[in-house]
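Enquirer: Input: one structure, supplied below.
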Amino acid sequence: MKFLLVVLALVALAAAKFEYTQEFQDWKVKYNKVYETKETELERQIIWESNKKFVENHNANSDKFGFTVAMNEFADLDAGEFGRIFNGLLPRPSSYNSTNIYKPSGVKVPDTVDWKEKGAVTPIKNQGQCGSCWSFSSTGSLEGQHFINTGTLVSLSEQQLMDCSTKYGNHGCNGGLMDNSFRYLKSVAGDETEDNYPYTAENGVCRYDSSLAVVTDKSYVDIPQGDEDSLKDAVANVGPISVAIDASHSSFQLYNSGVYYASTCSSTQLDHGVLAIGYGTEDGKDYWLVKNSWGTSWGMEGYIKMSRNRNNNCGIATQASYPTGVN
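Next comes the structure, spelled out in structure tokens:
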């Protein structure tokens, strides 16, 4: 029976009619895509063509949506499998109760903030096919706080967080939480640099060397859940903030430019850790400037502008936090 199903599947693949064969081949060359078997390539092409039609339909109405999408390197994945591979944020335990809640400054903040322009943000990184987004979000806010406090920008090790913070609830490529990373670093001498403890996109054995630690924290602060005004105040006055979002949609996977908004984006079902590095307004639309960890070929050279003041769209203010006492 199983053999018959395989045969039928292969027959269906062989009978598939493709509209964009040459474009698919060009895309493969651009992104160095090589598939193990012809059957696998046919499966990927079917998904690619479906995404191609989605992109064309969306961009034909981009004025209505306010943002564009593109056939990036992830265009041969459907949204479900993409999320399983790349979105590794674990849900907060139901018993979670924050003891350190952010208190807004009470002063007027600037209309626009961009910590990248101020030198507090390292270049875009790439997590690869590993659900380690949470570790990149964690190092991003640590790097920002270290720069603000010392004037020195240092690229920190995601791999150390992946390999060494398991007992704090993180699980490497299988997911984690930013607050767990901050709790772990509080218990040790700190995080090593990217150069000393480089990223492998795989789970590994902890090889942390306390003598090489360069940045640590003393605690962390959570932004009031769902409060975009408090998040804005924190981004303006504190620095880059670790945030969690719902990134489960094809429109996010294939995002290209503009201010992202999805009416079906959840404010509670969060699956991806990123870094809010600023905010502003574009063509009358308020946005958050967000650093992702999917390389520079995604989005706006690795960044995305996400809707601000639209009922916490995608949950960007639901689970935001930053480390304190960073040296």
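Numbering-wise, the sequence shown is residues -16 to -1, 1 to 311 according to mature numbering (1 follows the signal peptide of the UniProt record, and there is no 0). Note that the Cβ used here is the ideal one computed from N, Cα and C, for glycine as well.
Would you mind reading off the limits of the alpha helix (DSSP H) that contains Lys170?
Expert: Lys170 -> alpha helix (DSSP H) spans Met162 to Ser171.
Enquirer: Quick check: what's the CA-CA separation for Thr265 versus Asn296?
Expert: Roughly 16 angstroms separates the two Cα atoms.
Enquirer: Classify Lys275: buried if its beta carbon has 16 or more other beta carbons within 10 angstroms, exposed otherwise.
Expert: Under this definition Lys275 is a buried residue.
Enquirer: Could you check if Ile85 is buried or exposed, using at least 16 other CB atoms within 10 Å of its CB as the buried criterion?
Expert: Its Cβ having fewer than 16 others within 10 Å, Ile85 is exposed.
Enquirer: By how many angstroms is the C-alpha of Glu23 removed from the C-alpha of Val(-10)?
Expert: Note that Val(-10) has pLDDT 40, beneath the 50 cutoff, so the model's placement of it is unreliable and the number below is only indicative. Distance between the alpha carbons of Val(-10) and Glu23 is about 11 angstroms.
Enquirer: Measuring CA to CA, which of Cys148, Leu215 and Leu26 is closest to Asn187?
Expert: Selected option, being the one with the closest Cα: Cys148.
Enquirer: Going by alpha carbons, who is nearest to Ala228 out of Pro107, Ser305 and Gln111?
Expert: Comparing Cα-Cα distances from Ala228 to each of Pro107, Ser305 and Gln111, the minimum goes to Ser305.
Enquirer: Measuring alpha carbon to alpha carbon, tell me which of Val199, Ser235, Cys157 and Thr184 ends up nearest Glu176.
Expert: Closest option to Glu176, Cα to Cα, is Val199.
Enquirer: Name, in chain order, the residues that DSSP records as bridge partners for Ser34.
Expert: In the DSSP output, where bridge partners are listed per residue, Ser34 has none listed.
Enquirer: Just how far apart, CA to CA, sit Ile31 and Lys87?
Expert: If you take the alpha carbons of Ile31 and Lys87, they lie about 46 angstroms apart.
Enquirer: Please state the DSSP three-state secondary structure of Asn158.
Expert: Residue state, collapsed to three classes: helix.
Enquirer: Which one of Ile69, Asn133 and Ser141 has the shortest CA to CA distance from Asp193?
Expert: Checked all of Ile69, Asn133 and Ser141; the closest Cα to Asp193 is Ser141.
Enquirer: Let me know the secondary structure DSSP gives Asn81 once reduced to three states.
Expert: Asn81: coil per DSSP, three-state reduction.
Enquirer: Going by Cα to Cα distance, which pick from Asn311, Tyr271 and Ala220 is closest to Gly90?
Expert: Considering only alpha carbons, the answer is Ala220.
Enquirer: Just reading off the alpha helix (DSSP H) that Lys216 is part of, what are its end residues?
Expert: Taken as a continuous stretch (DSSP letters only), the alpha helix (DSSP H) holding Lys216 covers Glu212 to Asn221.
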